[in-house]
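Below you'll find the structure, written out as structure tokens, and then a few comments.
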Amino acid sequence: MPENKDVTVIRRAEAADLPRLAEAEQVCFGQEAWDAEGLEWLFNDLEVCFWLLEDEAGKLRSWVVWGKGTRSFQAADIPAFSGDLGNHRFIRVMSIATLPEFRGSGFARSLLVEGLEKAQAEGYSGAVLEVRPRNFPARRLYESLGFYRVAVLPAWFQSPEEDGEIWVKQF
Ligand SMILES: CC(C)(COP(=O)(O)OP(=O)(O)OC[C@H]1O[C@@H](n2cnc3c(N)ncnc32)[C@H](O)[C@@H]1OP(=O)(O)O)[C@@H](O)C(=O)NCCC(=O)NCCS
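What follows is the structure, given as structure tokens:
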């Protein structure tokens, strides 16, 4: 993959970012994208955190959405996850994407690594996410960061309907 030596900035999203995030969602997720209204609703949820990766000029390249608090998971609630972790909490990766022209340069990895480090420092025991079985780039990304598959949920995703794989990383 090409190495991108540009300077990039990772920062928490602000309300003013929502319109361009909605556009970028459309580009990356099409039918499944959160629309402007859905994004605003999520953004106003104090347990949902949007982080952006931009270039020096503030142009969006990649973003990630984390679910904390009640939007995170208790180990016992993760299907088929038989970790001996009692009521430990796993932060949820609710969404991650990189605009197509910026893919393959390590931006999604940077966002995840930074967020996972923060989550660990905040006391989470790991992270959990859902992915489509045929989303090979995403699965490889997660695998390279130490996530592993713990369950398959039939018909979990819509448009198109597809099973969902639950992947977990323990810190
Ligand atoms: C999945 C996605 C977020 C990856 O973003 P990215 O910024 O291109 O990823 P990175 O450059 O950080 O890649 C990190 C790792 O992911 C894997 N990866 C990324 N793109 C890949 C591809 N096209 N094929 C195979 N593996 C790939 C590799 O393991 C890579 O590590 P490497 O460069 O050391 O080989 C991006 O492809 C995307 O936005 N897809 C559409 C939205 C989506 O499916 N989101 C995930 C929903 S679960």
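Residue numbering for the sequence shown follows full-length UniProt numbering, beginning at 1 and increasing consecutively. Beta carbons: idealized from backbone N, C-alpha and C, even for Gly.
Under DSSP, residue 148 shares a beta bridge with 168. Here DSSP, grouped into helix, strand and coil, assigns residue 125 to coil. A distance filter of 6 angstroms between CB atoms and the heavy atoms of ligand 1 selects the following residues in sequence order: 1, 28, 62, 96, 97, 98, 103, 104, 105, 106, 107, 108, 109, 131, 135, 136, 137, 138, 140, 141, 144. Around the beta carbon of residue 144, fewer than 16 other beta carbons lie within 10 angstroms, which makes this residue exposed. At the C-beta level, residue 79 and residue 153 come within 8 angstroms of one another.
Look at residue 7 here: in three-state DSSP terms it is coil, with no helix or strand label. Residue 16 sits in a helix when the DSSP states are folded into three classes.
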